[in-house]
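Accompanying notes for the structure given below.
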Amino acid sequence: MQDIHDMYGRMLSRFQELFGTDGGTPALFRSPGRVNLIGEHTDYNGGHVFPCAISLGIWALAAPRQGTDRVRLHSMNFEADGTTEAPARGLEYREERGWANYPLGVLRVLEEAGHPLPAGLDLLFWGNLPGGAGLSSSASIEVLTARVADGLFGMGLQGVETALLAQRAENDFVGMKCGIMDQFAVTMGRRNCAVFLDCATLDFKLVPLNLDGFRIVIGNTNKPHVLAGSEYNLRRAQCEGALEDLRRVRPVKALGDLTEPGFKYLSGIIRNPVNLRRARHAVTENQRTLDAARALSLADLRTFGLLMRASHLSLRDDYEVTCPELDALAELAWRQPGVIGARMTGAGFGGCTVNVVERHLVSRFIRDVGAGYELQMGCAPRFYVADAADGAAKVRLPK
Ligand code: GLA
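Following this note's numbering, the numbering of the sequence shown begins with 69 at its first residue and continues without gaps.
Written as structure tokens, this is what we have:
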């Protein structure tokens, strides 16, 4: 859909077709996706992350329902799934509800937090954010649902509280033990800024993206990150295992509390060699994230790019969450002129890379890296030139 009026028009007529016009004019809300510049698999280890919200996202048209406390949800991206109908309260996870479990999980968590929906709700979604590509479509629809509920029913939710509730929906309702990064970035992101977040304290800074002359280019391997759920939870458990060993000799709260020399000194105590490598990634990646944020504030993009590359290598060798497709896309980018840095972004096992590319070489990057990847992998990647965008909010249509 070309522009916001066009999109709104199509969503509105679909909404009225599906749900009628009794609820009055529905309100429009938008939630972004996110791309993480650096700081991967550090959030649940009490370390730092450095993501930004992006202009690709999900929109919702929503209206309260009178005289019923049932919720109806429909996505224009999944027309074949039809409309899901469910009670507004006492919701439980049901496999057959598919994607609708994410928004419904948020309603359940809101209820548990003392914000039950006072009425029914009609919700229509449409997004241009690819799902299962490591750009946080789950966090986006979760935070969007919380924003809708708050916007329509005045729950008075604060930003960080919204992010935490959305994370809880994913952890407890959907069963994916994600950290806080995605929901936080999607809630607190700001136009032209990256979010530098300490995941242990939730202290954060909005850092202006000093990228004059450069663009952030996202490369989609078009390999969905299918293993992400189970392998992700396994990585968490392996880090926990390493931490337990370390606690036999030191009261370490989280791997993110350790410096690299401190970790080297203690690492002999970690018995399992796989857990040792997982923990080494968590510690070195946290340091790289601190260094990268500093480099960006000094406009030292060369250092920033080198840290991105080191991050990818650590995710490949120590954390083992890349795959041939992600490695190919990153390696092709490293050899391309005008590329400051490139690495996988998100949980891994498929999904996307993030690249910082000289503005005037972006088309060449897309052409050459795309052709090289297709030759190697037998399928074409997709590229998005991303702008750092605002967090989820109600949308006022421009006149
Ligand atoms: C997923 C999770 C995040 C984070 C990243 C890896 O996106 O949702 O919490 O752990 O993976 O950095």
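Note that beta-carbon positions come from the ideal geometry of N, C-alpha and C, so glycine has one too.
These numbers come from a predicted model, not from an experiment.
Collapsed DSSP secondary structure at residue i in the structure displayed
{"i": "tyrosine 387", "result": "coil"}
{"i": "phenylalanine 451", "result": "strand"}
{"i": "isoleucine 434", "result": "helix"}
{"i": "aspartate 190", "result": "strand"}
{"i": "lysine 332", "result": "helix"}
{"i": "histidine 116", "result": "strand"}
{"i": "glycine 101", "result": "strand"}
{"i": "leucine 311", "result": "helix"}
{"i": "valine 174", "result": "helix"}
{"i": "isoleucine 106", "result": "coil"}
{"i": "alanine 181", "result": "coil"}
{"i": "alanine 461", "result": "strand"}
{"i": "glutamate 399", "result": "helix"}
{"i": "arginine 78", "result": "helix"}
Nearest-angstrom Cβ-Cβ length linking residue i and residue j, presumed shorter than 8 Å
{"i": "glycine 459", "j": "valine 254", "result": "6 Å"}
{"i": "serine 204", "j": "glycine 101", "result": "5 Å"}
{"i": "glycine 188", "j": "proline 132", "result": "7 Å"}
{"i": "leucine 232", "j": "leucine 86", "result": "With a Cβ gap of about 32 Å, leucine 232 and leucine 86 do not count as contacting."}
{"i": "asparagine 196", "j": "arginine 450", "result": "With a Cβ gap of about 12 Å, asparagine 196 and arginine 450 do not count as contacting."}
{"i": "glycine 409", "j": "phenylalanine 433", "result": "Not really, about 13 Å apart at Cβ, beyond 8 Å."}
{"i": "glycine 173", "j": "valine 242", "result": "6 Å"}
{"i": "tryptophan 167", "j": "serine 143", "result": "7 Å"}
{"i": "valine 437", "j": "leucine 400", "result": "5 Å"}
{"i": "valine 103", "j": "isoleucine 284", "result": "7 Å"}
{"i": "alanine 234", "j": "glutamine 251", "result": "4 Å"}
{"i": "arginine 356", "j": "alanine 322", "result": "About 17 Å separates the two Cβ atoms, so there is no contact after all."}
{"i": "phenylalanine 97", "j": "glycine 219", "result": "6 Å"}
Rounded C-alpha distance that separates residue i from residue j
{"i": "valine 228", "j": "arginine 318", "result": "31 Å"}
{"i": "leucine 364", "j": "asparagine 423", "result": "15 Å"}
{"i": "glycine 115", "j": "glycine 88", "result": "48 Å"}
{"i": "tyrosine 76", "j": "glycine 182", "result": "32 Å"}
{"i": "aspartate 137", "j": "proline 184", "result": "11 Å"}
{"i": "glutamate 160", "j": "arginine 176", "result": "8 Å"}
{"i": "alanine 154", "j": "lysine 273", "result": "39 Å"}
{"i": "glutamine 444", "j": "alanine 396", "result": "8 Å"}
{"i": "alanine 415", "j": "glycine 125", "result": "18 Å"}
{"i": "arginine 304", "j": "alanine 95", "result": "39 Å"}
{"i": "alanine 268", "j": "methionine 412", "result": "23 Å"}
{"i": "alanine 361", "j": "arginine 370", "result": "13 Å"}
{"i": "proline 186", "j": "glutamine 84", "result": "22 Å"}
{"i": "leucine 375", "j": "aspartate 313", "result": "29 Å"}
{"i": "arginine 348", "j": "aspartate 111", "result": "15 Å"}
{"i": "glycine 406", "j": "leucine 429", "result": "6 Å"}
{"i": "proline 292", "j": "valine 211", "result": "22 Å"}
{"i": "arginine 82", "j": "aspartate 190", "result": "12 Å"}
{"i": "glycine 199", "j": "tyrosine 170", "result": "13 Å"}
DSSP bridge partner residues for residue i (one or two, in chain order)
{"i": "leucine 141", "result": "Thr152 and Leu191"}
{"i": "tryptophan 127", "result": "Arg98 and Trp194"}
{"i": "proline 392", "result": "In DSSP, proline 392 forms no bridge with anything."}
{"i": "methionine 412", "result": "Thr421"}
Just list the alpha helix (DSSP H) runs in the stretch 237–306, keeping only unbroken ones of 4 residues or longer that don't cross its boundaries, in chain order.
The qualifying runs are 249–256.
Which ranges does the alpha helix (DSSP H) cover as unbroken runs of at least 4 residues, wholly within the stretch 314–375, from first to last along the chain?
328–334 and 341–365
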